[in-house]
Amino acid sequence: MRTEEEIQNAIELYADMVRKICFLHMKQNCDVDDVFQNVFLKYANGPEFRDAEHEKAWLIRVSINACKDHLTSWFRRKVELNNELEQFIATPSQETNSEVLYAVLKLKKQYRNVIYLHYYEGYKIQEIADILQRNVNTIHTWMKRAKIQLKEMLGGEDFE
Amino acid sequence: MNRPLRDFDHIHASEQLKKETLTYVIQHRKKTKYKAVFAIGIAMLCLLISYPILSSPSKSINDPYVAVVSLDINPSMEFYIDKQDQIVEIKTYNEEAKEMIQSLELQQLTIDQAIDLLIQDERYAAYFEDGMLEVGIYSDDDKKSEELNQRIQQCLSTRLTRNQFHCSTIDKETRDAAIPQHTSMGKYRVIEKIIGYDSSYTIEELSQYSMVTLYAILEPYEPNSIPPGCRGMHGKGHGHKGNGS
């Protein structure tokens, strides 16, 4: 079981990342608290990590699964809620690129994950396959399809 | 486009959320610790009370088991087997299995005898008209798993054609993962594979499908691992979502 200091350090280090993953998946800002608490509670009782990379990858996977579990709960399946993008972006950028974020949010959840992990977190395809515990070819396919859909949504502009 | 997702830079966790999360985790961990102590106390008490019952020579569902055998065709069930190869507990996963088990006396039989009785039952036999029996075998002891696998295959071969059944041994990881999903391990083995390729399916959704339907969904991804009796079913109305992901 991890010490309070270890948990506090992890929250400091990974809170923003978990928040971004919540943004990718959650339909309401108010759901984030539940997912957040769940993720770090799992971390508190979680396994030993080989290194910081292993720890980060574990937290990404657990966060994605926590969002998925939350969304597939009985209540969430019965109640349709709207995305609240503005709530997530605390300080909108001067040169905001929300069009791209909205387009990413419109993708299927597995496509959203690969786009985020590759283009924001900088993971390679093999690493994404390891994190999501999926076949490398599956990740390649998801990436390809996600890019095609994004290009269409962005009026023919290449995503990269 | 440079850093297409740069707007993610503006998404942060608030200090309040971090603080509340830390408080929650610390408090909850403490509660868990107390709960664990309380649960151990209760468990000890139950053990003391139930000792005379457990130590009696008659067999009960509390007898330790050494292997588990799951049978899925549409009725979905698991047999828990003791050292003497007798069934000490039967777990059902759907109404069809429940009905089937209620009318048959399978406890205390060996697994071969139980399978034999089941296959001879008219209602169970009817499922073979458009179904295939998936058998999953698990034991901590690999030799035991393999021995049971051989025996069950032999037993099924005398009653069914090769296309009507498929046996596989289940590893501990799959067995452990199947338990919280309330799905038989044999079925879960296939469900896990499907989700590995297409995460748009949910375990809950897939566990409602028959084995033929599950193999039909899996076939495009792993054509070589499909049992002969289920090959070529993909696209024949066996529940494929067609999302292609």
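These protein sequences, in sequence, are chains V and Z.
Heads up: the first sequence begins at 2 in this note's numbering, then just goes up one per residue.
Heads up: the second sequence begins at 299 in this note's numbering, then just goes up one per residue.
Every residue gets a Cβ at the ideal spot worked out from N, C-alpha and C, and that includes glycine.
Note that the coordinates shown come from a computational prediction; the quantities given were computed from them, not determined experimentally.
Residues of chain V with a CB under 9 Å from the CB of residue i: which are they?
i: S498(Z); result: K109, K110, Q111
Should residue i go down as buried or exposed, given a rule of 16 or more other Cβ atoms within 10 Å for buried?
i: I477(Z); result: exposed
i: A514(Z); result: buried
i: E427(Z); result: exposed
i: W75(V); result: Annotation note: pLDDT 44 at W75(V) (below 50); position unreliable, coordinate value reported separately. Flag for W75(V) reads exposed.
i: V137(V); result: exposed
i: N10(V); result: exposed
i: M375(Z); result: buried
i: R460(Z); result: exposed
i: A311(Z); result: buried
i: D305(Z); result: buried
i: H71(V); result: buried
i: E420(Z); result: exposed
i: P373(Z); result: buried
i: A45(V); result: buried
i: S466(Z); result: buried
i: T472(Z); result: buried
i: N83(V); result: In this predicted model, N83(V) has a pLDDT of only 45, less than 50, meaning its place in the structure is not dependable; the value taken from the coordinates is given anyway. N83(V) comes out exposed.
i: S94(V); result: Because the pLDDT of S94(V) is 44, which lies under 50, any placement of that residue in the model is unreliable, and the question is left without a value.
Just the chain Z side, please: which residues come within less than 8 Å of residue i by C-beta, in chain order?
i: L102(V); result: L303, D305, F306
i: I132(V); result: By Cβ distance, chain Z contributes nothing, its closest Cβ being about 13 Å from I132(V), past 8 Å.
i: I8(V); result: L320, V323, I324
i: M2(V); result: R327
i: E5(V); result: L320, I324
i: A147(V); result: Result: empty, since nearest Cβ-Cβ is about 10 Å, beyond 8 Å.
List the residues of chain V whose Cβ lies closer than 7 Å to the Cβ of residue i, in chain order.
i: Y495(Z); result: N136, T139
Which residues in chain Z sit within 7 Å of residue i, going by Cβ to Cβ distance?
i: I12(V); result: K316, T319, L320
i: K1(V); result: A query on residue 1(V) cannot be resolved here, the shown segment of chain V reaching from 2 to 161 and no further.
Assuming the contact rule is C-beta atoms closer than 8 Å, residue i and residue j should be a hit. Round their C-beta distance to whole Å, please.
i: I524(Z); j: L504(Z); result: That belief does not hold up - the Cβ atoms of I524(Z) and L504(Z) are roughly 16 Å apart, past 8 Å.
i: H119(V); j: M144(V); result: 7 Å
i: E432(Z); j: G484(Z); result: 5 Å
i: P302(Z); j: V101(V); result: 6 Å
i: R327(Z); j: M2(V); result: 7 Å
i: I388(Z); j: I399(Z); result: 6 Å
i: L42(V); j: V510(Z); result: That pair is no contact at about 41 Å.
Run through chain Z and tell me which residues come within less than 9 Å of residue i, C-beta to C-beta.
i: Q38(V); result: E318, T319, Y322, V323, H326
i: E153(V); result: Going along chain Z, no residue has its Cβ under 9 Å from E153(V), so there is no contact; the nearest lies around 15 Å.
i: Y117(V); result: L303, F306
i: D34(V); result: L315, E318, T319, Y322
i: Y124(V); result: Neighbours of Y124(V) on chain Z: none; closest Cβ ~13 Å, over 9 Å.
I want to check one thing, is the minimum distance from the CB of residue i to the heavy atoms of the ligand MN below 7 Å?
i: Q452(Z); result: The ligand MN is not part of this structure, which contains no ligands at all.
For this session: Identify every run of the beta strand (DSSP E) within the region 401-458 of chain Z, keeping only runs that are complete inside it and at least 3 residues long; order them along the chain.
Result: If we require 3 residues or more, the beta strand (DSSP E) runs fully inside the region 401-458 of chain Z come out as 431-437.
For this session: Name, going along the chain, the residues of the region 439-472 of chain Z whose beta-carbon falls closer than 7 Å to a beta-carbon of chain V.
Result: none
For this session: May I ask you to list, following chain order, the residues of the region 308-326 of chain Z that have a beta carbon less than 8 Å from some beta carbon of chain V?
Result: H308, I309, H310, A311, S312, L315, K316, E318, T319, L320, Y322, V323, I324, H326
Exercise. What are the residues of the region 40-71 of chain V that lie near chain Z, defined by any Cβ-Cβ distance shorter than 7 Å?
Worked result: F41, L42, A45
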